[in-house]
Amino acid sequence: DTEVTQTPKHLVMGMTNKKSLKCEQHMGHRAMYWYKQKAKKPPELMFVYSYEKLSINESVPSRFSPECPNSSLLNLHLHALQPEDSALYLCASSQGQYSGNTIYFGEGSWLTVV
Amino acid sequence: GQQLNQSPQSMFIQEGEDVSMNCTSSSIFNTWLWYKQEPGEGPVLLIALYKAGELTSNGRLTAQFGITRKDSFLNISASIPSDVGIYFCAGREGNQGGKLIFGQGTELSVKP
């Protein structure tokens, strides 16, 4: 089973709203990731968690706040977003953070900011 | 950010034709991954390569990890309409926290 589950599939939020994206994996992976993807472009890394600790933050604005409650769950809290933040948000996981491990993606959450 | 050079950017082919796409990098990678993404979906892993020179097949797909560790190719034989999508190569570096570096993607269209 190589499944990464993301909810919700679609989210529409206003610029003053607070919402969260959720991600879950039960593969025993210890590295989890958030990516942002615009149409027909490659995914862009936002955050990496390794063993439930934030390992990499790619200079993401603070209106995006990641959280890793346990080894199976990863959240992305959203607050005061801008219309240009509308995109597909992808969660991914791998056995470990470093090379030699395959990264598996979820189906993504489509976010529209109005 | 850093990207791989993936070519071609797009391909329009007839059903039954073979397809070839490749990625090159100025950096050495320890892992090469090939993904396919269909509209509205996340990237799905097709093939993972871990050793220089490695040649791996998955059904009609074949991919190779270049000897120099700076390139990889993906071939699709006897294409079918469901092969339509965007194919991304991605390399993982040994340093920089094992980040996944993506190519720009190859958009494949298959005419029945």
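First to last, the protein sequences are chains P and C. For the first sequence, my numbering begins at 4 and goes up steadily by one. For the second sequence, my numbering begins at 5 and goes up steadily by one. Where a beta carbon is used, it is the ideal one built from N, C-alpha and C, also for glycine.
Residue closest to residue i, alpha-carbon to alpha-carbon, out of the options
i	options	result
Ile80(C)	Trp36(C), Gln18(C) and Leu8(C)	Gln18(C)
Thr72(C)	Pro12(C), Ser11(C) and Thr28(C)	Thr28(C)
Leu24(P)	Lys43(P), Ser75(P) and Gly111(P)	Gly111(P)
Phe67(P)	Gln98(P), Val7(P), His29(P) and Tyr38(P)	Tyr38(P)
Thr115(P)	Gln40(P), Glu6(P) and Thr8(P)	Gln40(P)
Pro47(C)	Ser89(P), His82(P), Asn104(P) and Val7(P)	Val7(P)
Residue i classed as buried or exposed, judged by whether at least 16 other C-beta atoms fall within 10 angstroms
i	result
Phe50(P)	buried
His13(P)	exposed
Pro69(P)	buried
Tyr54(P)	exposed
Gln13(C)	exposed
Phe117(C)	Residue 117(C) is absent from the model: chain C starts at 5 and stops at 116.
Lys103(C)	buried
Ser76(C)	buried
Pro72(P)	exposed
Minimum Cβ-Cβ distance from residue i to chain P less than 9 Å
i	result
Asn34(C)	yes
Pro85(C)	no
Leu104(C)	yes
Glu45(C)	yes
Leu37(C)	yes
Leu65(C)	no
Ile90(C)	yes
Gly109(C)	yes
Ala94(C)	yes
Leu78(C)	no
Pairwise C-alpha distance: residue j and residue i
i	j	result
Ile51(C)	Val23(C)	16 Å
Glu97(C)	Asn78(P)	26 Å
Pro11(P)	Tyr54(C)	34 Å
Glu87(P)	Ser96(P)	26 Å
Met35(P)	Gly44(C)	21 Å
Trp36(C)	Leu65(C)	15 Å
Gln41(C)	Thr110(C)	10 Å
Gln100(P)	Cys26(P)	17 Å
Lys43(P)	Ile90(C)	8 Å
The ligand NAP heavy atom lying under 8 Å from the CB of residue i
i	result
Ser112(P)	For the structure depicted, the ligand NAP is absent and the ligand set is empty, with no information on it obtainable.
Cβ-Cβ separation, residue j to residue i (assumed contact under 8 Å), whole Å
i	j	result
Gly109(P)	Leu93(P)	6 Å
His32(P)	Gln98(P)	6 Å
Leu112(C)	Asp87(C)	6 Å
Short CB-CB distance (under 9 Å) between residue i and chain C
i	result
Lys43(P)	yes
Tyr54(P)	no
Thr115(P)	no
Phe108(P)	yes
Val7(P)	yes
Asn104(P)	yes
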